[in-house]
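Report on the following structure.
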DNA sequence: CTAGTTTATAAACGAGCTTAACAAACCCTC
DNA sequence: GAGGGTTTGTTAAGCTCGTTTATAAACTAG
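Protein chains in written order, with my numbering: chain A, 2 to 391; chain B, 2 to 391.
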């Protein structure tokens with residue numbers, strides 16, 4: 002730790018080269034004129050030239066043909082861009098039913114995306130692991146890459162993950178999953194940094210990536226299960242490892258056990274519980290699912306509206322203390338329930354305004370199915386760049 | 002923003018000088034041999050010599066008389082130490098009833114500490130401001146310093162403070178306080194960085210300073226009012242400005258308004274409310290205050306024990322959602338109620354264990370009355386060092 | 001008083017950035 | 001198509017800084 006040895010002129014070179022690389026990255030994926038880099042970095046032309054030469058040599062950047070540069074009435078500029086293929090990263094989303102893999106290049110361009118379902122049930126852990134290996138293989142093939150070329154890897158999984166070892170400590174939704182050392186398994190195949198992270202946390206990272214600027218964000222994944230991730234100034238907050246587990250908040254009143262490892266709030270306002278509430282409230286139309294309830298509420302059905310309001314109130318009361326302590330700029334709701342639309346949003350906003358000092362903006366996530374995968378790729382990329390600049 | 006211009010060899014000098022200063026600071030307040038600095042920083046002897054010369058010249062360090070160095074069988078070493086007086090910082094704690102000021106030197110040695118009471122009531126804001134000016138004057142006198150020598154200033158005040166402007170947005174406990182621009186007032190007298198911060202946040206910073214290492218800490222101030230500060234990896238979490246306002250968490254059940262701006266949780270388990278609960282429960286001994294209730298509970302009185310358990314349960318239920326989201330390593334309770342001792346602690350621990358996945362260590366703060374002042378001085382010092390290394 | 005140890009000083013060297021002058025390549029106008 | 005204007009690239013001199021290496025200083029132990 003604290004290795005800051007030998008601060009001589011070579012360190013300057015490293016610093017400046019890193020600054021140039023960062024500047025190119027910020028303008029990715031398009032090519033950048035060297036003169037532009039001079040302006041942006043504040044370095045002088047010879048310095049930038051030297052750094053670019055080094056970076057091209059090392060494979061980080063690629064020169065563009067001067068013939069193709071747009072003319073602006075002077076000597077044609079040299080242009081460079083990130084050579085994305087130089088360090089692709091692999092992301093994985095290991096869900097209880099689905100496993101997906103994606104590969105992004107340095108500039109966050111998607112090189113491959115593969116998805117595969119895996120049946121649940123007994124021995125699910127084993128099947129999941131096999132599915133993981135398969136999607137990895139297919140993704141590598143699709144991108145035309147070997148495992149050794151991968152520069153970073155991040156995996157999203159349900160459950161609570163130990164930050165240090167990467168071991169999964171608690172994963173009620175996948176039987177046997179805690180006894181699989183996923184991190185170790187992957188490290189056997191890849192010789193790059195491997196990060197295992199809770200899926201809701203990665204989703205939060207993906208959501209934060211969509212939002213401009215920094216600040217505090219609470220990103221809720223609301224489906225059958227209920228989880229959240231906290232992102233502060235672009236960085237994931239892990240707490241002592243289990244941050245964001247809002248599914249285990251206990252709402253007022255008695256919540257019957259289900260024995261499937263779900264938390265009290267999940268059992269009260271998870272997608273399944275919402276359908277149950279509607280059924281008990283006598284919503285016409287047989288056995289509705291959560292989506293049907295929200296649709297009915299949107300259409301004006303007063304029974305459904307009461308159910309939605311009840312759900313929103315419970316949610317707001319459950320998270321209000323966390324909102325008061327964390328004071329996030331926004332709460333973004335994703336997951337299956339997020340497709341509910343504005344009915345739910347308005348109700349949550351209304352209740353939260355009543356329960357907090359500084360009600361955050363409550364929004365629905367605009368991200369589609371691949372949220373966790375996107376977050377995993379983002380984490381892998383972030384880690385990669387972080388290592389570069391240290 | 003992003004000014005990183007002109008990265009030439011002079012930057013190296015700045016970097017290395019800063020590294021030397023940091024190394025000296027880490028060994029404060031004792032003097033350090035130059036040879037030791039060479040070893041610690043990894044720089045070479047001539048470089049360290051140059052940096053030390055510069056720092057002595059600029060007044061940051063002072064040389065020690067070689068005659069006084071302990072002999073170790075060789076040429077006597079040059080030794081330097083922080084010249085604390087070079088940049089003292091001023092801390093203020095503006096409470097509703099008491100105002101205190103403190104001055105620390107660079108090495109966090111206390112140079113002055115002054116306290117003064119200010120009566121509440123109408124026109125309290127004006128009297129407070131006068132008291133602030135007075136304690137500042139006396140502290141400066143006590144330390145033998147002029148206002149221009151102060152290198153940093155931080156103020157703790159009740160209420161919610163806007164991070165950008167330093168304006169106080171909400172302060173129910175001091176009438177008229179929001180219309181006083183404290184930050185502006187101080188900036189008129191001092192030409193150093195001025196930070197205004199919520200008092201509970203500063204207390205949290207002080208508590209965090211007492212704890213080794215990093216991690217997530219929820220520091221609760223529990224007295225008549227109830228507030229908290231969140232410290233993550235040594236840095237204060239401000240959220241959008243009002244983080245930690247646990248007094249406004251709404252516990253289950255109806256909480257009558259009192260119209261004095263206190264939040265629902267404060268009205269339920271604040272010091273005054275605890276006494277009220279005991280009175281209503283029929284605790285013998287007339288009109289007890291909170292301390293008496295805790296004392297009776299410790300002594301074995303079952304009525305008092307029921308009250309304490311009720312209070313602890315309410316507290317635990319209120320903060321459990323925040324604990325699940327934040328997953329702090331510890332909750333430290335300070336303020337008047339903290340003097341309750343292990344009765345309260347045990348009860349809170351018990352209830353929290355039942356309501357969270359990963360129950361944090363609940364502890365009592367070891368800090369005395371000056372918690373907020375200590376935090377203010379710490380914030381001012383942190384800011385000062387932060388500015389130096391940028 | 002000499003040997004050994006620890007520390008400080010000074011000069012030579014090398015790496016890196018900056019300045020400044022100059023060259024290249026292109027557009028436009030006459 | 002020749003020359004001026006513009007943007008960009010190239011090169012060499014000069015400066016700052018850290019490192020290396022050799023040498024001197026100051027002290028203790030025996």
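Beta carbons are placed, not taken as given, at the ideal position from N, Cα and C, and that holds for glycine.
message: Counting only beta-carbon separations shorter than 7 angstroms, does residue 364 of chain B have a partner in chain A?
response: For the purposes of this step, residue 364 of chain B is taken as the residue at position 363 of the second chain. No, its Cβ sits nowhere closer than 7 angstroms to a Cβ of chain A.
query: Is it the case that the Cβ atoms of residue 94 of chain B and residue 374 of chain B are separated by a distance below 7 angstroms?
result: For the purposes of this step, residue 94 of chain B is identified with residue 93 of the second chain, where counting begins at 1. For the purposes of this step, residue 374 of chain B is identified with residue 373 of the second chain, where counting begins at 1. Yes, the Cβ-Cβ distance between residue 94 of chain B and residue 374 of chain B is below 7 angstroms.
- prompt: Quick one: any contact between the region 154–165 of chain A and the region 236–243 of chain A, if contact means 3 or more CB pairs under 8 angstroms?
  reply: yes
message: So, with DSSP's three-state summary, where would you put residue 65 of chain B?
response: One-based indexing of the second chain puts residue 65 of chain B at position 64. DSSP places residue 65 of chain B in strand when its eight states are reduced to three.
message: So, with DSSP's three-state summary, where would you put residue 42 of chain B?
response: Counting from one through the second chain, the residue named residue 42 of chain B turns up at place 41. Note: residue 42 of chain B maps to helix in three-state DSSP.
- prompt: Which whole-angstrom value describes the C-beta separation of residue 19 of chain B and residue 42 of chain B, a residue pair presumed to lie in contact below a C-beta threshold of 8 angstroms?
  reply: Working through the second chain from its first residue, we reach residue 19 of chain B at position 18. Working through the second chain from its first residue, we reach residue 42 of chain B at position 41. Not really, about 10 angstroms apart at Cβ, beyond 8 angstroms.
query: With respect to the beta strand (DSSP E) encompassing residue 94 of chain A, which residues constitute its N-terminal and C-terminal limits?
result: On the first chain, position 93 is the one that residue 94 of chain A refers to. From DSSP, the beta strand (DSSP E) with residue 94 of chain A extends over 90–95.
message: Can you look up residue 198 of chain A in the DSSP assignment and give me helix, strand or coil?
response: Within the first chain, the letter at position 197 stands for residue 198 of chain A. Reduced to three states, the DSSP call for residue 198 of chain A is strand.
query: If we cut at 7 angstroms on Cβ distances, does residue 371 of chain A have a partner in chain B?
result: As a working note, residue 371 of chain A is residue 370 in the first chain. So no, residue 371 of chain A is outside the interface.
- prompt: Would you say residue 245 of chain B faces chain A, with C-beta separation under 7 angstroms as the test?
  reply: On the second chain, residue 245 of chain B is found 244 positions in, with the first residue counted as 1. Contact with chain A is found for residue 245 of chain B, since one of that chain's Cβ atoms lies less than 7 angstroms from the residue's Cβ.
- request: Tell me, please, which residues DSSP counts as bridged to residue 82 of chain B.
  value: Numbered from its first residue, the second chain carries residue 82 of chain B at position 81. According to DSSP, residue 82 of chain B bridges with B:63.
- prompt: Closest to residue 45 of chain B by CA distance: which of B:21, B:183, B:76 and B:80 is it?
  reply: In the second chain, residue 45 of chain B corresponds to position 44, counting from 1. For residue 45 of chain B, the nearest C-alpha among the options comes from B:21.
field: Alpha-carbon to alpha-carbon, residue 208 of chain B and residue 13 of chain A
entry: Here the question's residue 13 of chain A lines up with position 12 in the first chain. Here the question's residue 208 of chain B lines up with position 207 in the second chain. Across the structure, residue 13 of chain A and residue 208 of chain B are spaced so that their CA atoms are roughly 39 angstroms apart.
- prompt: Within the 7 angstroms Cβ cut-off, does residue 316 of chain A reach chain B?
  reply: In the first chain, residue 316 of chain A corresponds to position 315, counting from 1. For residue 316 of chain A, the answer is no, since every Cβ of chain B falls outside 7 angstroms of its Cβ.
message: Quick check: is the beta carbon of residue 250 of chain A nearer than 7 angstroms to any beta carbon in chain B?
response: For the purposes of this step, residue 250 of chain A is taken as the residue at position 249 of the first chain. So, interface residue.
Residue from B:257, B:65, B:376 and B:383 whose Cα sits closest to the Cα of residue 1 of chain B: What is shown of chain B runs 2 to 391, which leaves residue 1 of chain B out entirely.
query: For residue 70 of chain B, which of helix, strand or coil comes out of DSSP?
result: Counting from one through the second chain, the residue named residue 70 of chain B turns up at place 69. Coil, per DSSP.
query: Does DSSP classify residue 255 of chain B as helix, strand or coil?
result: In the second chain, the residue the question calls residue 255 of chain B occupies position 254. It is coil, neither helix nor strand.
- prompt: residue 113 of chain B to residue 309 of chain B, Cα distance in whole Å?
  reply: As a working mapping, residue 113 of chain B is identified with position 112 in the second chain. As a working mapping, residue 309 of chain B is identified with position 308 in the second chain. Distance between the alpha carbons of residue 113 of chain B and residue 309 of chain B is about 39 angstroms.
query: Does the count of Cβ pairs from the region 203–217 of chain A and the region 357–376 of chain A closer than 8 angstroms reach three?
result: Yes, since at least three Cβ pairs between the region 203–217 of chain A and the region 357–376 of chain A fall closer than 8 angstroms, the two stretches touch.
- request: Starting from the C-beta of residue 382 of chain A, find all residues in its chain whose C-beta is less than 8 angstroms away, skip the five residues before and the five after it, and write them out in chain order.
  value: Against the first chain, residue 382 of chain A aligns to sequence position 381. These residues qualify, in order along the chain: 90, 105, 107, 109 and 153.
message: Considering Cα atoms alone, identify which of A:85, A:74, A:64 and A:59 is closest to residue 29 of chain A.
response: Within the first chain, numbered from 1, the residue matching residue 29 of chain A stands at position 28. That would be A:85, whose Cα lies nearest to the Cα of residue 29 of chain A.
query: Name the DSSP beta bridge partners of residue 216 of chain A, please?
result: Reading the first chain from its first residue, position 215 is the one you call residue 216 of chain A. Residue 216 of chain A pairs with nothing; no bridge assigned.
task: Counting only runs of 4+ residues fully inside the region 232–299 of chain B, write out the alpha helix (DSSP H) ranges in chain order.
output: 265–270, 272–282 and 291–299
- prompt: So, residue 271 of chain B versus residue 225 of chain B, is the Cβ gap smaller than 7 angstroms?
  reply: Along the second chain, read from residue 1 onward, the residue named residue 271 of chain B stands at position 270. Along the second chain, read from residue 1 onward, the residue named residue 225 of chain B stands at position 224. The answer is yes: Cβ separation under 7 angstroms.
message: What does the alpha-carbon distance come out to for the pair residue 379 of chain A and residue 88 of chain A?
response: Taking the first residue of the first chain as 1, we reach residue 379 of chain A at position 378. Taking the first residue of the first chain as 1, we reach residue 88 of chain A at position 87. One C-alpha to the other measures close to 14 angstroms.
- request: Rounded to whole angstroms, what's the CA-CA distance from residue 4 of chain A to residue 388 of chain A? Just pull it up for me.
  value: Counting from one through the first chain, the residue named residue 4 of chain A turns up at place 3. Counting from one through the first chain, the residue named residue 388 of chain A turns up at place 387. Only weak support is given to the placement of residue 4 of chain A: the predicted model assigns it a pLDDT of 40, under 50, and the question is left unresolved by the model.
- prompt: Can you name the residues that DSSP bridges to residue 51 of chain A?
  reply: Here residue 51 of chain A refers to the residue found at position 50 when the first chain is read from its first residue. DSSP output for residue 51 of chain A lists no bridge partner at all.
message: Using only the alpha-carbon positions, how far apart do residue 66 of chain B and residue 76 of chain B sit?
response: Sequence index remark: in the second chain, residue 66 of chain B carries index 65 (1-based). Sequence index remark: in the second chain, residue 76 of chain B carries index 75 (1-based). Take the alpha-carbon of residue 66 of chain B and the one of residue 76 of chain B: they are about 14 angstroms apart.
- request: Determine the DSSP secondary structure at residue 227 of chain B, reduced to helix, strand or coil.
  value: Taking the first residue of the second chain as 1, we reach residue 227 of chain B at position 226. Residue 227 of chain B: strand per DSSP, three-state reduction.
task: With DSSP as the reference, label residue 354 of chain B as helix, strand or coil.
output: The sequence position of residue 354 of chain B within the second chain is 353, counting from 1. Reduced to three states, the DSSP call for residue 354 of chain B is helix.
- prompt: Which word fits residue 390 of chain B, buried or exposed, when buried means at least 16 other C-beta atoms lie within 10 angstroms of its C-beta?
  reply: Within the second chain, residue 390 of chain B is the residue found at index 389, counting from 1. It counts as exposed.
Residues that DSSP places opposite residue 222 of chain B in a beta bridge: As a working note, residue 222 of chain B is residue 221 in the second chain. Answer is B:228 and B:335, bridged to residue 222 of chain B.
- request: Could you tell me the distance, in whole angstroms, from the CA atom of residue 70 of chain B to the CA atom of residue 52 of chain B?
  value: Looking up residue 70 of chain B in the second chain gives position 69. Looking up residue 52 of chain B in the second chain gives position 51. Computed Cα separation, rounded: 21 angstroms.
- request: Can you pull the chain A residues whose beta carbon is under 8 angstroms from the beta carbon of residue 274 of chain B, in chain order?
  value: Within the second chain, numbered from 1, the residue matching residue 274 of chain B stands at position 273. Residue 274 of chain B does not reach chain A, its nearest Cβ partner there being about 18 angstroms away, counting only Cβ pairs nearer than 8 angstroms.
message: Which residue marks the beginning of the beta strand (DSSP E) containing residue 154 of chain A, and which one marks its end?
response: Locating residue 154 of chain A in the first chain gives position 153, where the first residue counts as 1. Looking at the DSSP string, the run of the beta strand (DSSP E) that includes residue 154 of chain A is 153–158.
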